Amino acid sequence: MLLALGAIFLAPLLGLVRVRFAWAGEPAIPPVSAPVLTPQVSPPSVSAASAFLLDADSGNTLADINGEQERTMASTTKIMTALVALQRGQLDQLITVHEDAIQEVEQNDGSNASLKVNEQLTLRDLLYALLLPSGDDAAVAIADGLAGSPAGFVQLMNQEALQLHLTHTHYGNVDGLFSDNHYTTAHELAFLARYALRMPLFAQIVQTRTYQPLPADTHQAHRWVNTNNLLWTYAGATGVKTGYTGDAGPCLVFSATRGGHHLIGVVLNTSTDASRFSDAQKLLDWGFGLPIRQPRVRPSHLLPIRNVLFQAVPTGNGSNVSHTRGKEGCGLDPENWRGET
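Reading the sequence shown from the start, the letters are residues 1 to 341 in UniProt numbering.
Printed below as a string of structure tokens:
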């Protein structure tokens, strides 16, 4: 009798416990399958092979264009790399850049953050190096520092994908280079972005235009520029991540806010580098024109408990940070803009 009563009273509490990590304050996991909003008009035509648009507040699917097709996703992979790093590391811990991080760039002609062997940067700085210039070198350095090797870190990424119920997502590396067992869908990538954007530091980084780490004896001077064109050209843009490889084609995970309405979208394998941004703008303009639906109320037992990891964070520990959101009439900074390769 006592055991039965104990089970009744403990059951709601057990629902709050996350088996994977010791933090009770993680954002509640959004469902991958969400109710589909049926708009009065069809979504705009886009060049992307796959595209997806959702309402970030309600989780409603707004547009689904081949959103369930498994595709390689290039450097949008680094959303998961950053997510796992935020969960596993300490923001101010120093991480040493090893030779394998530099070789990853040199051997694959990948995008990079101009890191040098034996430099030491904080995890916080390396997250900016990962998400702004899309540094493959930063991805490998983070993996080495937190898991001992990229292979070990990939295991953590796949564990996280399973925990988030991303059943059509698998990672073969930490930076998005082509691999036979490296794929996702536009649908699952959008919901991964929705989850990651609930972390204040992640949300801050991906809307940052330029970033410079504080000067230190442990590393050279760096200045990183975000590869996401939308931050300069689209009013209310708040992220998220570009990607490109020959196999994946141009890719973009994007988010924007207008009038308190927050949208998140994905385009994979667009026809040109520029069209990933124009596709995103089309989908956002269309989505913001739809009637706003009120967010569904989450049952009280699923409401996340706040803790330090997911509270507001300082802006770069005093670093020179610019994270001005896109404004009407703002053009690209020709001196600082460079596309991802």
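Idealized CB from N, CA, C, for every residue including glycine.
Note that the structure is predicted; figures quoted are calculated from it, not measured.
State the Cα-Cα distance for the pair residue i and residue j, rounded to the nearest angstrom.
| i | j | result |
| --- | --- | --- |
| L146 | S42 | 45 angstroms |
| E328 | A256 | Bear in mind that the predicted position of E328 carries a pLDDT of just 25, short of 50, making it unreliable; the figure below should be weighed with that in mind. Whole-angstrom Cα-Cα distance: 13 angstroms. |
| N226 | A129 | 9 angstroms |
| G67 | L164 | 17 angstroms |
| L283 | W232 | 17 angstroms |
| V84 | Q159 | 10 angstroms |
| M80 | P291 | 31 angstroms |
| L54 | N60 | 6 angstroms |
| G152 | G259 | 43 angstroms |
| Q69 | Q90 | 36 angstroms |
| N317 | P250 | With a pLDDT of only 43 at N317, under the threshold of 50, the placement of this residue in the model should not be trusted; the figure read from the coordinates follows. Distance between the alpha carbons of N317 and P250: 33 angstroms. |
| M199 | R209 | 18 angstroms |
| A101 | L189 | 25 angstroms |
| F277 | V46 | 11 angstroms |
| Q207 | S134 | 14 angstroms |
| G237 | W224 | Correcting the residue identity first, residue 237 is Ala in this sequence and not Gly. About 19 angstroms. |
| L62 | W286 | 10 angstroms |
| A221 | Q212 | 8 angstroms |
| G172 | I264 | 25 angstroms |
| T218 | Y234 | 37 angstroms |
| R88 | T270 | 33 angstroms |
| I65 | T184 | 14 angstroms |
| F288 | P44 | 13 angstroms |
| F254 | T167 | 22 angstroms |
| Q103 | V97 | 11 angstroms |
| L180 | R194 | Correcting the residue type first, residue 180 is Asp in the shown sequence and not Leu. Approximately 26 angstroms between the Cα atoms of the pair. |
To which residues does DSSP link residue i through a beta bridge?
| i | result |
| --- | --- |
| V266 | F52, V253 |
| I205 | I205 is not bridged to any residue. |
| H187 | Answer by DSSP bridge pairing: none, since H187 is not bridged. |
| D273 | According to DSSP, D273 bridges with nothing at all. |
| Y244 | P250 |
| I65 | A51 |
| A82 | Answer is none; A82 lacks a bridge partner. |
| R71 | T184 |
| R258 | H261 |
| G239 | S255 |
| A280 | According to DSSP, A280 bridges with nothing at all. |
| A216 | H219 |
Assuming residue i contacts residue j under a Cβ cut-off of 8 angstroms, what Cβ separation, rounded to an integer in Å, is found between them?
| i | j | result |
| --- | --- | --- |
| A74 | T245 | 5 angstroms |
| N228 | G239 | 7 angstroms |
| D117 | P150 | The identity of residue 117 in the sequence shown is Val, whereas the question assumes Asp. Not confirmed; about 16 angstroms, so no contact. |
| H182 | T72 | 6 angstroms |
| I95 | L123 | 6 angstroms |
| V105 | D144 | 14 angstroms between Cβ atoms; not a contact. |
| L126 | I142 | 5 angstroms |
| A186 | A51 | 6 angstroms |
| A280 | V267 | 6 angstroms |
| N108 | L192 | About 24 angstroms separates the two Cβ atoms, so there is no contact after all. |
| residue 347 | H262 | Outside the shown range of the chain, which is 1 to 341, sits residue 347, and nothing can be said about it. |
Tell me whether residue i counts as near the ligand SAH, meaning its Cβ is closer than 6 angstroms to at least one heavy atom of that ligand.
| i | result |
| --- | --- |
| T96 | The ligand SAH is not part of the structure shown, which contains no ligands of any sort. |
Completely contained alpha helix (DSSP H) runs for the region 87 to 170, where each covers 4 or more residues: 99 to 108, 123 to 131, 136 to 147, 150 to 163
Stretch pair the region 109 to 116 + the region 188 to 204: three plus CB contacts closer than 8 angstroms: no
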